[in-house]
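Written out below as structure tokens is the structure these notes cover.
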Amino acid sequence: MIKHKVYILNKKWLNSDVFSIECGPLKINPAPGQFLQIQVNNSFDPLLNRPISIADYSKNKVLMIIKVVGRGTKILSAKNKGEELIVFGPFGRRLKLRRKKSIIIAGGIGVAPLYFLARNLKKLRTDFTFVYGAKRPEDLILKQEIKKISSDTVFITESGSKKTGTALSVLNGMDLNDYEIGYACGPKAMLKELKAMNLKLPIYAFCEDFLGCGCGLCLGCAINYYGTYKRICEDGPVFELKGIEFND
């Protein structure tokens, strides 16, 4: 476990409960899907570090996007530019990118690791479509950044003044025959529904929604994958969707 001391270089609230922090200097070479563990404070409360996916990395600076969902992320949200952070990692297996026409399917905060993926596909000059759904228009974060790296984007929300729906309802209206591979990240319910759609192309799911401690200790992230239990934090977090057996 590699420990790093970094500083918050920038912090920005993206909506009422989601914020981004850019930290550095951090000399790592992360791949899409990998994540860092943030030490929330110097005490044992909360006991566990917070696993946060890498949303971007460039020039020894890492971008992380964090949704405030509990005590740990609440404490992190109070930190400001210039403060020191202890982070560990990166964790997770490196995802080998393929030069195949891709469709990226993001739901909610799942957009964060997929943005990093999209940036890397762009560098590989790989064609991709970015479909991104959220509950409300204000929940569509990174919208302008995604538009800058992809001319083929679909944004949709479950409520709002324009056409409403989900990322998966968008897929139902698309001709996917030209796509060779898909990547998805979002709530477990979204991934379950996506698997049930039985799309012809292989879909690789970023399973960050399942993480507990994030470093293999709690075994809370174990999933049944093709009949064998795998730890998302150690063996993933990216798995072929059709091999995941979801527990209700």
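Under the numbering used here, think of the first position of the sequence shown as 355, with each following residue one higher. The beta carbon of each residue, even a glycine, is placed where N, CA and C say it ideally should be. Predicted model, so just to flag it, every value in this text is computed and none were measured.
Query                                                                                                                                                                             : Result
Counting only runs of 3+ residues fully inside the region 534-579, write out the beta strand (DSSP E) ranges in chain order.                                                      : 535-539, 557-560, 576-579
Identify every run of the beta strand (DSSP E) within the region 432-480, keeping only runs that are complete inside it and at least 3 residues long; order them along the chain. : 438-445, 456-461
With a Cβ-Cβ cutoff of 7 Å, do K546 and F600 count as a contact?                                                                                                                  : yes
How would you call S456, buried or exposed, if buried means at least 16 neighbouring beta carbons within 10 angstroms?                                                            : buried
Just to confirm, are T507 and K501 a CB contact at a threshold of 7 Å?                                                                                                            : yes
The beta strand (DSSP E) spanning E376 covers which residue range?                                                                                                                : 372-378
With distances taken from CA atoms, which of L573, I535, P405, Y469 is nearest Q498?                                                                                              : Y469
Spatial neighbours of R425 within its chain, please: C-beta separation below 7 Å, excluding the five flanking residues on both sides.                                             : P400
I need the DSSP call for I495, collapsed to helix, strand or coil.                                                                                                                : coil
Using three-state DSSP, classify G487 as helix, strand or coil.                                                                                                                   : strand
Residues in the same chain with beta-carbon distance under 8 Å from G514, minus the five sequence neighbours each way, listed in chain order, please.                             : R490, P491
Which residue comes first and which comes last in the alpha helix (DSSP H) that contains L522?                                                                                    : 521-526
I believe G536 touches P556 by the beta-carbon criterion, under 8 Å. Please report the beta-carbon distance rounded to the nearest angstrom.                                      : 7 Å
Return the chain-ordered list of same chain residues with a C-beta closer than 7 Å to the C-beta of I392, the five sequence neighbours on each side being excluded.               : N403, R404, I406, L430, L439, V441
Evaluate P384 with the Cβ neighbour count: other Cβ atoms within 10 Å of its Cβ, from every protein chain shown; 16 or more gives buried, anything less gives exposed.            : buried
When the Cα of L571 is compared with those of G540, F373, R585, which residue comes out closest?                                                                                  : R585
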